[in-house]
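Chains as they are written, first to last, in our numbering: chain F, 1 to 315; chain Z, 1001 to 1315.
Comments concern the structure below.
Protein chains: 2
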Amino acid sequence: MAAAAGEPEVIRDKAAMRAWSRRRRAEGRTVVLVPTMGFLHEGHLSLVSEAAATAGPIAVVVSIYVNPSQFAPTEDLATYPSDLAGDLRKLASTGAVHAVFNPPDLYVRGGTAVGASAGAAVSCLEAAVGGDGHETWIRVERLEKGLCGSSRPVFFRGVATVVAKLFNIVEPDVAVFGKKDYQQWRLICRMVRDLDFAIEIIGSEIVREADGLAMSSRNVHLSREEREKALSINRSLANARTAALNHSNSASEHIKKQIVQTLTEAGGQVDYVEIVEQESLVPVETIDRPVTICVAAFFGKILAVLVGDSPLEDG
Amino acid sequence: MAAAAGEPEVIRDKAAMRAWSRRRRAEGRTVVLVPTMGFLHEGHLSLVSEAAATAGPIAVVVSIYVNPSQFAPTEDLATYPSDLAGDLRKLASTGAVHAVFNPPDLYVRGGTAVGASAGAAVSCLEAAVGGDGHETWIRVERLEKGLCGSSRPVFFRGVATVVAKLFNIVEPDVAVFGKKDYQQWRLICRMVRDLDFAIEIIGSEIVREADGLAMSSRNVHLSREEREKALSINRSLANARTAALNHSNSASEHIKKQIVQTLTEAGGQVDYVEIVEQESLVPVETIDRPVTICVAAFFGKILAVLVGDSPLEDG
């Protein structure tokens, strides 16, 4: 039903965005949101395809917004890649996107910037916000911990909060998230359940480059050599999958060690390797049910993409 | 426009509630929510009147739900008064309420109850929730601190979270909160702003008994003697107002001392007395702009109602 979308309408204002969605819903359309931070690649476009496959008359909205509150001051907000013109061309070429929501800023900035209280983890947003500025945060207290949450203490707080804001502005019936960001996807599902958002969350499968690297906007920062090395993530996961499927050794500790070894030998600096239950993200000791292997490693200065896999799903 | 409401429809199911609201909105009505914890008194009914005064065709929903997550395990969840039949009679008699939302439980309970981590403040909800149970919380980080937040560390977290849930279930256009719970009202306004809820918040003025005590469901627990004593809150605020309006002494410290003295002499045990800016709730040293005086004190075992006042508003 999305074939007739043509050139997407670009909307920058919150109230205009909400009014647009309400008009579409009043026409009987299902509003489908694909939240992104821009610099779109095939992975994002696969989310759009997933959105376009929603049954019945639909209105597909892609949001493009680099959310400052999910970056710590030490992280790469300033160098996060962007290319709005290119993004709009790519989205138009799909013929499946009806509107692009590209707001200038989604947070109320306070009068006086205040420093963080001693020892508190703060985001790039809080470094600039004080006084009567933004102060409401959503925390998914168990799922935000561990994995990427260990080294990025404000990341999931920022993600949950901006996604709730986007949900309240766009008022979608359906929203599509990539399973590449596995912890994020699970966390959003939990937030939707716990806060009773009337939104169906669709998890879209990982899209990989021809060489097997999971697609990510940050891949552009990888040198050719680093990229070669980053492929070790995929290789190590394939090996782990084989090992688990063959039941040659189903102890998590053993498989994790093998992965760490593969990554380290390839020159990666391992952030974490965990084998977890698929919904709770609680680490398992033995692989005796569907699990996800989560891996994050630095190659050069770039934290290579977190990759989820499910060795027993087709076992 | 609410005169024809008659007997309100009682709805217990989340999905049915949302469907009801969407039908009303599709008819062109403004959906107005009055959230309560039941055991209704004239104060609540004044919120209903406020709701009924909304312009245009409306649909008024009163929610009745005692929210476990805003009570600490040491607080009075178990003895919080309730009278659903009486509540429904009172609401029907207003002729202004179209639906009552009275859900059995709004939280997902987990498989295994887990203890709180050492030293963490927990609510009555968390005492019963573990495993995959509810874990998403909204915090309004500055406004939740101080005043009632000092002695009730999980209170506003529970309030913000349940109100967001009610907003997502009922999907109102307007919601009415009493200014008696001044900090709560300001905090909800801030949450709505920060998370971009498409809801207009109306603050309704305090309703007092004939003797001047602000109406509160918990007043029923006061003995006649304690009630007499609790009137000292109102008396002390009236004196403070007079003092501030006369500019006899505008130092907050001075006025606060007088209030504490009046309350203590009446046999109350003061929880806090603060004079704060009206939006930020930041304490002021000198009363030279519109402020609110916030007072909470125990009479017997009952924390007497927090009362806001604005000495300079008509000065």
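Glycine is no exception: its CB is placed at the ideal position from the N, C-alpha and C atoms.
Chain Z within 9 Å of residue i, Cβ atoms only
i	result
F:GLY131	yes
F:MET191	yes
F:LYS165	yes
F:TRP20	no
F:ASN168	yes
F:THR161	yes
F:ARG142	yes
F:THR36	no
F:GLY119	In this predicted model, F:GLY119 has a pLDDT of only 44, less than 50, meaning its place in the structure is not dependable enough to derive any value.
F:THR242	no
F:THR136	yes
F:GLU27	no
Reduced DSSP secondary structure (H/G/I, E/B, other) of residue i
i	result
Z:PRO1290	coil
Z:VAL1061	strand
F:ARG208	strand
F:GLY115	Model confidence at F:GLY115 stands at a pLDDT of 45, short of 50, so the residue's coordinates are unreliable and nothing is read from them.
F:PRO104	coil
Z:TYR1182	helix
Z:ARG1235	helix
Z:ARG1025	helix
F:GLN269	strand
F:ARG109	coil
F:ALA214	strand
F:VAL159	helix
Z:ALA1099	strand
Z:ALA1072	coil
Z:GLU1277	strand
F:LYS301	coil
F:PHE39	coil
Whole-angstrom distance between residue j and residue i, CA atom to CA atom
i	j	result
F:LEU281	Z:ALA1085	44 Å
F:GLU265	F:GLU225	14 Å
F:ASN239	F:ASP196	40 Å
F:ARG22	F:ASN102	18 Å
Z:VAL1108	F:CYS189	13 Å
Z:ARG1024	F:THR30	19 Å
F:ASN67	F:PHE167	14 Å
F:LEU187	Z:ALA1059	34 Å
F:SER236	F:CYS148	19 Å
Z:ILE1201	F:ALA297	46 Å
F:ALA53	F:ASP173	14 Å
F:GLY203	Z:GLY1146	41 Å
Z:SER1150	F:GLU171	35 Å
Z:ALA1164	F:ALA26	24 Å
Z:THR1262	Z:SER1232	7 Å
F:LEU320	F:GLY38	The structure shown has nothing for residue 320 of chain F, since chain F only spans 1 to 315.
Among the options, nearest to residue i - alpha-carbon criterion
i	options	result
Z:ALA1015	F:ILE199, F:GLU253 and F:ILE255	F:ILE199
F:ARG218	F:VAL162, F:LYS301 and F:ALA266	F:LYS301
Z:VAL1122	Z:SER1204, Z:LEU1106 and Z:GLY1158	Z:GLY1158
Z:GLU1228	Z:THR1136, Z:PHE1299 and Z:HIS1254	Z:PHE1299
F:VAL295	F:GLN269, F:ALA55, F:GLU279 and F:ASP173	F:GLN269
F:ASP87	F:ASN234, F:ARG289 and F:SER63	F:SER63
Z:ALA1251	Z:GLY1028, Z:ALA1078, Z:GLU1274 and Z:PRO1153	Z:GLU1274
F:GLY133	Z:ALA1297, Z:GLU1279, Z:SER1150 and Z:ILE1058	Z:GLU1279
Z:ARG1089	Z:LEU1045, Z:PRO1057, Z:ILE1138 and Z:ASP1105	Z:LEU1045
Z:ARG1142	Z:VAL1260, Z:MET1191 and Z:ALA1092	Z:MET1191
Z:VAL1010	Z:LEU1091, Z:SER1204 and Z:PHE1156	Z:LEU1091
F:GLU209	F:GLU27, F:ARG193, F:GLY203 and F:ALA230	F:ALA230
F:VAL162	F:ARG139, F:ARG152 and F:PRO153	F:ARG139
Z:GLY1056	Z:GLY1028, Z:LEU1040, Z:GLU1075 and Z:HIS1041	Z:GLY1028
Z:MET1017	Z:VAL1061, Z:HIS1041 and Z:ALA1005	Z:VAL1061
F:PRO104	F:GLU42, F:ASP13, F:ARG289 and F:VAL291	F:ASP13
F:PHE156	F:TRP185, F:GLY110 and F:GLU135	F:TRP185
Residue-level contact to chain F via CB, residue i, 9 Å cutoff
i	result
Z:TYR1107	yes
Z:PHE1197	yes
Z:ARG1139	yes
Z:LYS1014	yes
Z:ASP1194	yes
Z:THR1063	According to the sequence provided, residue 1063 of chain Z is Ser. The question's Thr does not apply to it. No, its Cβ sits nowhere closer than 9 Å to a Cβ of chain F.
Z:THR1286	no
Z:GLU1200	no
Z:SER1217	no
Z:GLU1171	yes
For the pair the region 1168–1178 of chain Z and the region 1031–1041 of chain Z, tell me if three or more CB-CB distances fall below 8 Å.
yes
Could you tell me whether the region 214–221 of chain F touches the region 55–71 of chain F, where touching means 3 or more Cβ pairs closer than 8 Å?
no
Cβ pair count under 8 Å reaching 3, the region 1123–1142 of chain Z against the region 1046–1064 of chain Z
no
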